[in-house]
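J.: Got a structure for you, questions after.
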Amino acid sequence: MNIEVRLCPKEQSFILHNLYPLYLHDIAEIWGIHPNRYGVFEKGDVPTLSEQSKLLDVWWEQPSVLFPYLITVDDVAAGFALVSTPPQVPSANIQYYLSDFFVLRTYRRQGVARRAAELVFDQFQGAWELQTNPTERNMSTQIFWRKTLNTYTGGKYSELDGVHPEKGEMLVFRFTNK
């Protein structure tokens, strides 16, 4: 199985646009989110997936600040990772923020997500942060990040309770890979 992570160019952004509604559907259960009146998992009255897709375009508008990565397995789209840098990070003293990370269910529990996360982290050296839902509904993700970060950092990461300006209470993981 060949797992790769690469920046997704604008001309291939449609691939991330295709994956994004699947991601939102997956996290809806964790966050207790319901679709809007049009059946779209999005805040407000976004009526179509096409309209929702336009909200992702910001990831190709700031190429020195926002980094949309496509995760592939044997050249097939398997997920994505969205990495932001200042000023688009939620915490001070953080150089890289893993804003969103998603691997399709088809590729889970095969080491794809762990390897993809390592490859994403290897793209940038410095102070990293990622956040996830702190509730019992999200235990598998919490366990995944603890195990992945423990292996990647040799146990040199921190875990603390925090608050995201938009999402509220979060479990925050920080590490440095310099």
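Take the sequence shown: its position 86, counted from the start at 1, is 86 in UniProt numbering, and no numbers get skipped. All residues carry an ideal CB built from backbone N, CA and C; glycine is no exception.
What first and last residue would you give for the alpha helix (DSSP H) that runs through Ser-140?
T.: Per DSSP, Ser-140 belongs to the alpha helix (DSSP H) from 139-153.
J.: Taking its Cβ as the centre, do 16 or more other Cβ atoms sit within 10 Å of Tyr-38, making it buried, or is it exposed?
T.: Exposed, by the Cβ-count rule.
J.: Using only the alpha-carbon positions, how far apart do Gly-155 and Leu-22 sit?
T.: If I take the Cα positions, the gap works out to 32 Å.
J.: Check this for me: beta carbons of Leu-98 and Val-83, under 8 Å apart or not?
T.: Against a cut-off of 8 Å, the Cβ pair of Val-83 and Leu-98 comes out as a contact.
J.: Checking 8 Å against the spacing of the C-beta atoms, do Val-76 and Met-1 come in under that value?
T.: Taking 8 Å as the Cβ cut-off, Val-76 and Met-1 do not qualify as a contacting pair.
J.: Taking the alpha carbon of Leu-149 as the reference point, which residue from Val-65, Pro-134, Glu-129 and Thr-85 has its own alpha carbon closest?
T.: It is Glu-129.
J.: Would you mind sorting Pro-35 into buried or exposed? The rule is 16 or more other CB atoms within 10 Å of its CB.
T.: Exposed: under 16 other Cβ atoms inside 10 Å.
J.: Under a Cβ-count criterion, where at least 16 other Cβ atoms within 10 Å of its own Cβ denotes burial, should Thr-106 be classed as buried or exposed?
T.: Classification of Thr-106: exposed, given that the 10 Å Cβ count is below 16.
J.: Tell me, please, whether the segment 131-145 touches the segment 158-174 by the rule of three or more beta-carbon pairs shorter than 8 Å.
T.: The segment 131-145 is in contact with the segment 158-174.
J.: Jot down the residue ranges of each uninterrupted beta strand (DSSP E) in the segment 79-110, minimum 3 residues, whole runs only, in chain order.
T.: Counting only runs of 3 or more, we get 96-103.
J.: Flag this pair as yes or no: are the beta carbons of Tyr-69 and Val-120 separated by less than 8 Å?
T.: Yes, these two residues count as a Cβ contact at 8 Å.
J.: Out of Asn-93, Glu-118, Cys-8 and Phe-175, which one is the CA nearest neighbour of Glu-61?
T.: Among Asn-93, Glu-118, Cys-8 and Phe-175, the Cα nearest to that of Glu-61 belongs to Cys-8.
J.: Distance, Cα to Cα, Phe-80 vs Tyr-96?
T.: About 16 Å.
J.: The ligand GTP and Val-58: does the residue's C-beta get closer than 7 Å to at least one heavy atom of that ligand?
T.: This structure simply doesn't include the ligand GTP, nor any ligand for that matter.
J.: Do the CB positions of Ala-108 and Glu-29 come within less than 8 Å of each other?
T.: The question names Ala, but residue 108 in the sequence shown is Arg. Contact flag unset, no.
J.: Looking at Ala-117 and Phe-101, is the spacing between their C-beta atoms short of 8 Å?
T.: A contact, by the Cβ cut-off of 8 Å.
J.: Can you give me the C-alpha to C-alpha distance between Arg-114 and Pro-47, rounded to a whole angstrom?
T.: Their Cα atoms are separated by approximately 35 Å.
J.: Would Asn-177 and Gln-125 be called neighbours here (beta carbons separated by less than 8 Å)?
T.: Result yes, Cβ atoms of Asn-177 and Gln-125 sit closer than 8 Å.
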